[in-house]
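Novice: The structure that follows is given in the form of structure tokens.
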Amino acid sequence: RACNLPTFISLSFSHLSLFAFIIEKLFLLCSSSVSSEAPLSRPQWEEISVMDERNTPMRTYQVCNVMEANQNNWLRTRHISREGAQRVYIEIKFTLRDCNSLPGVPGTCKETFNMYYYESNNANLWFIKESQYVKIDTIAADESFTQVDVGDRVMKLNTEVRDISNLSKKGFYLAFQDLGACIALVSVRVFYKKCPLTVLNLAQFPDTITGGDTALVEVHGQCVNASEEFEAPKMYCSADGGWLVPIGRCVCKPGFEENKDFCQPCRPGTYKASATDAYCTKCPPHSSSPQEQSIECTCEKGFYRAEADPRSMACTRPPSSPENPISTVNETCVTLDWSPPRDMGGRGDITYSIHCTKCSGDARKCTPCGSSVHFVPRQYGLSSATVLVTDLQPDSNYSFTIESQNGVSDLSPTLRGTVVINITTTQTVLKERRSKDSVTLAWQGPERPNGAIVEYEVIYYEKNQREQNYTVLKTRSNMMTVEGLKPGTTYVFRVRARTDGGYGSYGGEIELETSHEDVFAIGDPNQPTILAVSVAGGIVLLIFLAQKNKILVKLPGSRTYIHPHTYEDPNQAVRDFAKEIDASNIRIERVIGAGEFGNETARSIYVAIKSLKAGYSDKQRRDFLSEASIMGQFDHPNIIRLEGVVTRCKPVMIITEFMENGSLDTFLKKHDGQFTVIQLVGMLRGIASGMKYLSDMSYVHRDLAARNILVNSNLVCKVSDFGLSRVLEDDPEAAYTTRGGKIPIRWTAPEAIAYRKFTSASDVWSYGIVMWEVISYGERPYWEMSNQDVIKAIDEGYRLPAPMDCPVVLHQLMLDCWEKGRSDRPKFGQIVTILDKLIRNPASLRELANSSEWSIVCLQKESLKILVLSACLFCLPYSELAKMGVTLAGHQKKILSSVQSLQTQDSHVQV
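Residue numbers for the sequence shown, in mature numbering (1 follows the signal peptide of the UniProt record, and there is no 0): -36 to -1, 1 to 875.
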């Protein structure tokens, strides 16, 4: 239709992100001479229906005034709302006539047209000046048609897309300017982009319109049902409508678990206590959750959960009563010992409390002991199953109730587990009978000894001279004559028994003064008279005065190790057993390393030293020199030899023979696979021989391991590290026991871990571990298992498998050393005999424990389980084995050799 003014077409858009418009709905046409802004009599853009190539009618807007110069024909849309978009896209489809195909047209014919926009808040503008428009672009055709094409009905359609950025007003108008082309607009599509609604990490992100240009739009997500923010969730909407850079997340609330994009309630029988837990978990033992959406499980009747217990912990109950109570009375003191309850209630936080009452003679009336009685270390909250009670009244009856408790005992309404011990105190009875220079002692053994009694130890010293002189005597008899005493001198005597389980405690101190001459004040001189009775450490000590020609009963045929701690003056122990070396004779050449030994030379002899660091305390000095006091008592080719000590100047030093190859574990790792089996057995034989010597001297090492075996240039192995104070404070292999000390879990027998029962039998267990270390060339026992896992596995019967290329007889000897019962393990003397037979008969070492099949356990690397699961097992190069943690060349060769053997034999591989 004709327009009297420059006429433009308005259109309305639907509220969608994508605007597509049928061309006949977009525009109404008018022509205008924009330069003069005077209306024309007829429109130059015409709305025409044409047929496409499928003979489907379509509406187009066309203009083709190519015969006239100075064309300026405009076509404009209605107001288009931008709906919050800062950037919109315009897709136009059009056809254009090739000017060269139009005969007789002037040179003003164009093959382009212009596209403009005008941004406005006004949706009803009817007139916009040409100068107010902003040009989007000049549009040219990639494909133009000719008259021939029209005749053949070939549609050469062009598609162009342009965009407008940084829009800020309510909407805009589009306009198309023809300057003398022959064109037809087929369609116009106006759209913007947005990031679609999505749920990620349990956070919902809404439909978000993209920003202008390439700017990212930050969007904060909202947590979905039954979830909460763990870290504020957000993402960025990119300019092309994609979500980028997810940050943060939501987590399902307690009682709910994640199920794809939402949270669902925990099913009955499961729970989730914390939002940070990923999924609901099955209720722990002795608890249940009958309802959905549980945040914890309710304990069954009789079971409880302490406030500090995690919700994942099984419900537990109070322990049963302590077992096997034993009392050892020493005059007005008593030592109470017991075994842990058989039923610990499922907990490990067992403690004990002692309740004491004093009873009358008829045991009908008992009253609390009161504060006059003292308990060592304490009366309540004991972690160990022993306590010393002192300051009891003599000749009195006492009742002790030992109560076991754990973390839920206070929650139980029932009575706690208790056991009662009744004792009667005694008092020393003295009767004078003096002899000039000898005393005969007689005693009864303990009523309930911990094993068979091996010997008794008697210590005595002059009263008030304990710090300077302390004498130790040993006998297998229950009677001993002590001779060579000073006339008219008061002596103090104490006795203790040694069983297979170790030493008991000393009895009470008995003071006795010898006479100035052989005069007997009471009784028949030919018959000893009882002077004192003292119940001490389970031993009844009877002291007799006897004639000076009594015979001293000694332990025949052996030399016994003397513990330095029996010396009140540790310096005396050092003087007795170690040679003092003048510091001027020592010259340090180089430092080998801390913790093993330092290298030095004295009179052209290479030796090794340990020195005490500056700033030490008196206790540290005594503990340090106690090692020298121990070493000085040993003389064996497989025990490290003490050369002497330096104590009269600083630094204080212990000097030993020099072992060129250092510790055995490091030496084996360095020379992996380089020794024959006979050589390895020879090393083990030397270690066993040294341990037999120590065992015969009644010395228990407690820390036998390859790291504490030294190797010299002739491959002779010698046992070292006898420091009583070392207690493994800096040893990464050590772990705390319930009694507070540190022990090397991987090398220690189970009874030593559980009850600190260290004996030669526990040293045999450790020797079995050393055997495994030697045959595996320094492999770490139990690999990467934690100490707690090792303890649990051993308790359940697990034992280390045979290392690679380990003879059957050697692995069987290891298993014998790891018998759970101490009495079932071989003695060191038997071990030496077995190894000697193997060395004399090498053929017995030919059968290998793992020769019939290739077991992944024998590789001693948990990570190697991947190998047998891999389809490429038979083509692994050395480099891949190194990546998987097999770094020793010998192990790599053995693995690949085993693989090649499998290829040949088509053996069955087991994991």
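The beta-carbon is built from N, C-alpha and C at its ideal position, and this holds for glycine as well.
#1: Tell me which same chain residues have a C-beta within less than 6 Å of the C-beta of L204, skipping the five on either side of it?
#2: Do you know whose CA, among L774, P708, I709 and L166, lies nearest G732's CA?
#3: Rounded to whole angstroms, what's the CA-CA distance from P254 to C230? Just pull it up for me.
#4: Restricting to Cα atoms, I'd like to know which of G175, V209 and A179 is closest to G185.
#5: Can you tell me whether Q8 is buried or exposed? The criterion is at least 16 other CB atoms within 10 Å of its CB, across all chains shown.
#6: Could you name the residues of the same chain whose beta carbon sits closer than 6 Å to that of A105, not counting the 5 residues immediately before and after it, in chain order?
#7: Taking K438 as part of the beta strand (DSSP E), name the residues at either end of that continuous run.
#8: Which runs of the alpha helix (DSSP H), 4 residues or longer, sit entirely within the region 87 to 162?
#9: Evaluate R40 with the Cβ neighbour count: other Cβ atoms within 10 Å of its Cβ, from every protein chain shown; 16 or more gives buried, anything less gives exposed.
#10: Would you mind working out which of G135, H338 and T331 sits nearest N86, comparing C-alpha positions?
#11: Closest to N29 by CA distance: which of C146, L799 and L138 is it?
#12: How many angstroms separate the CA atom of Y362 from the CA atom of I387?
#13: Below 6 Å CB to CB, which residues in the same chain sit around S659 once its five sequence neighbours on both sides are set aside?
#14: Any idea what DSSP makes of G48, helix, strand or coil?
#15: Rounding to the nearest angstrom, what Cα-Cα distance links A49 and N78 in this structure?
#16: Between V538, K120 and P305, which lies nearest to D16 when the distance is taken from Cα to Cα?
#17: Any contact between the region 604 to 618 and the region 570 to 590? By contact I mean 3 or more CB pairs, one from each, below 8 Å.
#18: For N672, I'd like the list of residues in its chain whose CB is within less than 6 Å of its CB, leaving aside the five on either flank, ordered along the chain.
#19: Please report the distance separating the alpha-carbon of T454 from that of T445.
#20: Let me confirm a value: A416 is counted as buried when at least 16 other C-beta atoms fall within 10 Å, else exposed. Which label applies?
#21: By the three-class DSSP mapping on this structure, what secondary structure does A179 have?
#22: Does DSSP put V580 in a helix, in a strand, or in coil?
#23: So, are the CB atoms of A542 and A592 less than 8 Å apart?
#24: Where does I(-14) sit, in a helix, a strand or coil, going by DSSP?
#25: If you pair each beta-carbon of the region 631 to 640 with each one of the region 739 to 752, do three or more pairs fall below 8 Å?
#26: Flag this pair as yes or no: are the beta carbons of Y235 and C216 separated by less than 8 Å?
#27: So who's on the other strand from S627, going by DSSP bridges?
#28: Buried or exposed: which applies to M655, given that a residue is buried once 16 or more other Cβ atoms fall within 10 Å of its Cβ?
#29: In the DSSP assignment, what residue or residues form a beta bridge with R61?
#30: Whose C-beta lies closer than 8 Å to the C-beta of E287 among residues of the same chain, with five residues either side of it excluded?
#31: Alpha carbon to alpha carbon, how far is F639 from N676?
#32: For G737 versus D629, is the C-beta distance shorter than 8 Å?
#33: Is the CB-CB distance between residue 882 and K133 below 8 Å?
#34: Would you kindly check if the distance between the Cβ of C187 and the Cβ of E195 is under 8 Å?
#35: So what does K634 bridge to, in DSSP terms?
#36: How many Å lie between Y268 and P282 at the Cα?
Specialist: Answer, in terms of the structure:
#1: Start at 1 with the first residue of the sequence shown, and residue 204 comes out as number 240. Before going further, note that residue 204 is Asp rather than Leu in the sequence given. Within the same chain, D204 has no close Cβ partners at all.
#2: Sequence index remark: in the sequence shown, residue 732 carries index 768 (1-based). The residue with the shortest Cα to Cα distance from G732 is L774.
#3: Working through the sequence shown from its first residue, we reach residue 254 at position 290. Working through the sequence shown from its first residue, we reach residue 230 at position 266. Spanning the two alpha carbons is a distance of roughly 11 Å.
#4: In the sequence shown, counting from the first residue as 1, residue 185 sits at position 221. G185 has its Cα closest to that of V209, out of G175, V209 and A179.
#5: As a working mapping, residue 8 is identified with position 44 in the sequence shown. Under a 10 Å Cβ-count criterion, Q8 is classified as buried, with 16 or more other Cβ atoms of the shown protein chains found around its own Cβ.
#6: Residue numbering aside, residue 105 sits at position 141 when the sequence shown is read from its first letter. Excluding sequence neighbours, A105 sits near L60 and N122.
#7: The count along the sequence shown starts at 1 and reaches residue 438 at position 474. T435 to T439 is the span of the beta strand (DSSP E), which, as asked, contains K438.
#8: 111 to 115
#9: The residue given as residue 40 occupies position 76 in the sequence shown. Counting Cβ neighbours within 10 Å, R40 comes out buried, since at least 16 surround it.
#10: Here residue 86 corresponds to residue number 122 of the sequence shown, with the count starting at 1. Minimum Cα distance to N86 is reached at G135.
#11: By one-based count along the sequence shown, residue 29 stands at place 65. Taking only the C-alpha atoms, the option nearest N29 is C146.
#12: Counting from 1 along the sequence shown, the entry for residue 362 is found at position 398. Counting from 1 along the sequence shown, the entry for residue 387 is found at position 423. C-alpha separation (whole angstroms): 5 Å.
#13: Counting from one through the sequence shown, the residue named residue 659 turns up at place 695. Within the same chain, S659 has close Cβ partners S724 and F792.
#14: Within the sequence shown, numbered from 1, the residue matching residue 48 stands at position 84. Three-state DSSP puts G48 in coil, outside helix and strand.
#15: Against the sequence shown, residue 49 aligns to sequence position 85. Against the sequence shown, residue 78 aligns to sequence position 114. Going by the C-alpha atoms only, they are around 24 Å apart.
#16: Locating residue 16 in the sequence shown gives position 52, counting from the first residue. Nearest option by C-alpha distance: K120.
#17: yes
#18: Working through the sequence shown from its first residue, we reach residue 672 at position 708. Around N672: S684 and D685.
#19: Here residue 454 refers to the residue found at position 490 of the sequence shown. Here residue 445 refers to the residue found at position 481 of the sequence shown. Rounded to whole angstroms, T454 to T445 spans 16 Å at the Cα level.
#20: Mapped onto the sequence shown, residue 416 falls at position 452. The residue in question, A416, is exposed, as its Cβ has fewer than 16 Cβ neighbours within 10 Å.
#21: Here the question's residue 179 lines up with position 215 in the sequence shown. A179 falls in the coil class under three-state DSSP.
#22: Within the sequence shown, residue 580 is the residue found at index 616, counting from 1. It should be pointed out that residue 580 corresponds to Tyr in this sequence rather than to Val. Coil, per DSSP.
#23: Within the sequence shown, numbered from 1, the residue matching residue 542 stands at position 578. Within the sequence shown, numbered from 1, the residue matching residue 592 stands at position 628. Contact: yes.
#24: The count along the sequence shown starts at 1 and reaches residue -14 at position 23. Residue confidence for I(-14) is low, a pLDDT of 35 falling below 50, so the modelled location carries little weight and cannot support an answer.
#25: Yes, the region 631 to 640 is in contact with the region 739 to 752.
#26: One-based indexing of the sequence shown puts residue 235 at position 271. One-based indexing of the sequence shown puts residue 216 at position 252. Not a contact, by the Cβ cut-off of 8 Å.
#27: Numbered from its first residue, the sequence shown carries residue 627 at position 663. According to DSSP, which records beta bridges pairwise, S627 is partnered with L674.
#28: Numbered from its first residue, the sequence shown carries residue 655 at position 691. Its Cβ being crowded by 16 or more others within 10 Å, M655 is buried.
#29: The residue given as residue 61 occupies position 97 in the sequence shown. Note: R61 sits in a beta bridge opposite F109.
#30: For this step, residue 287 is matched to residue 323 along the sequence shown. Here E287 has W302, S303, P304, P305, R306 and V383 as same chain residues with Cβ atoms under 8 Å from its own Cβ, once five neighbours each way along the sequence are excluded.
#31: Position 675 of the sequence shown holds residue 639. Position 712 of the sequence shown holds residue 676. Cα-Cα distance, rounded: 15 Å.
#32: Taking the sequence shown and counting its residues from 1, the one referred to as residue 737 is at position 773. Taking the sequence shown and counting its residues from 1, the one referred to as residue 629 is at position 665. The residue you asked about is not Gly; residue 737 is Glu in the sequence shown. Yes, the Cβ-Cβ distance between E737 and D629 is below 8 Å.
#33: Any property of residue 882 remains undetermined from this structure, which presents the chain solely from -36 to 875.
#34: Counting from 1 along the sequence shown, the entry for residue 195 is found at position 231. Counting from 1 along the sequence shown, the entry for residue 187 is found at position 223. Taking C-beta atoms as the reference points, E195 and C187 fail to come closer than 8 Å.
#35: The count along the sequence shown starts at 1 and reaches residue 634 at position 670. Paired residues: none, contrary to the question.
#36: Numbered from its first residue, the sequence shown carries residue 268 at position 304. Numbered from its first residue, the sequence shown carries residue 282 at position 318. Taking the straight line joining both Cα atoms gives about 9 Å.
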